[in-house]
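According to the working numbering, the sequence shown holds residues 5 to 136 in order.
Note that CB positions come from ideal geometry on N, CA and C, so glycine has one too.
Only a predicted model underlies this, so the values are computations on that prediction, with no experimental measurement involved.
The structure appears right after this line, and notes come after that.
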Amino acid sequence: MPQQETTILFFFQGMGPWIWVLLPLALITLFVIIKGIIDVLKSERDPALLYRELQALPFWGSITAMLGFIGQITGLWRAIAAIIVATDISPAIVMMGFKMSFFTTIFGLATLMVALVSWFVLTRILNNRLSA
């Protein structure tokens, strides 16, 4: 059985051109999380405005997850097209292609999970601060 790489570079390479779409969206989500943490914990700004700004977290996380799914679907579509054309193909190669098609979905869903947990925690902190 061939050795499989599990490095982050292999993961990013496996996402193909979708990394250039998903990575900036994940970085935007990370920026909104960091800004939200700073604003909620240290700012004396209007809580209603802070709450509205935190609504960006589920948005950016959802966009990243949806594009991750689209990346997987296009990867599977291309793999199926290659299988149809191929006269003799190894099942191991086919399964490796299917495995790699999940990379974009995993990345998108992980970004969504981090965004939603951050949104939940920050809005709870903000609500507790308002009710105190």
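Looking at C-alpha atoms only, which residue of the options is the closest neighbour of residue i?
{"i": "tryptophan 22", "options": "Val125, Ala119, Gly112", "result": "Gly112"}
{"i": "glycine 75", "options": "Ala119, Val89, Phe107, Asp92", "result": "Phe107"}
{"i": "threonine 33", "options": "Ala60, Gln17, Asp92", "result": "Ala60"}
{"i": "isoleucine 129", "options": "Pro28, Ile41, Ile97", "result": "Ile41"}
How should residue i be labelled, buried or exposed, when 16 other C-beta atoms within 10 angstroms of its C-beta is the threshold for buried?
{"i": "leucine 26", "result": "buried"}
{"i": "valine 121", "result": "exposed"}
{"i": "isoleucine 37", "result": "buried"}
{"i": "serine 94", "result": "exposed"}
{"i": "leucine 13", "result": "exposed"}
{"i": "alanine 86", "result": "exposed"}
{"i": "methionine 5", "result": "Reliability fails at methionine 5, whose pLDDT of 44 lies under 50, so the model's placement of it is uncertain and the value that follows must be treated cautiously. It counts as exposed."}
{"i": "threonine 109", "result": "buried"}
{"i": "tryptophan 24", "result": "exposed"}
{"i": "serine 105", "result": "buried"}
{"i": "valine 89", "result": "exposed"}
Between residue i and residue j, which are expected to be in contact by the criterion C-beta below 8 Å, what is the C-beta distance as a whole number of angstroms?
{"i": "leucine 126", "j": "leucine 58", "result": "5 Å"}
Three or more C-beta pairs below 8 Å linking the region 76 to 83 and the region 91 to 104: yes
Sufficient close CB pairs (3 or more, under 8 Å) joining the region 116 to 127 to the region 63 to 73: yes
Continuous alpha helix (DSSP H) assignments of at least 4 residues falling wholly in the region 54 to 104: If we require 4 residues or more, the alpha helix (DSSP H) runs fully inside the region 54 to 104 come out as 60 to 89.
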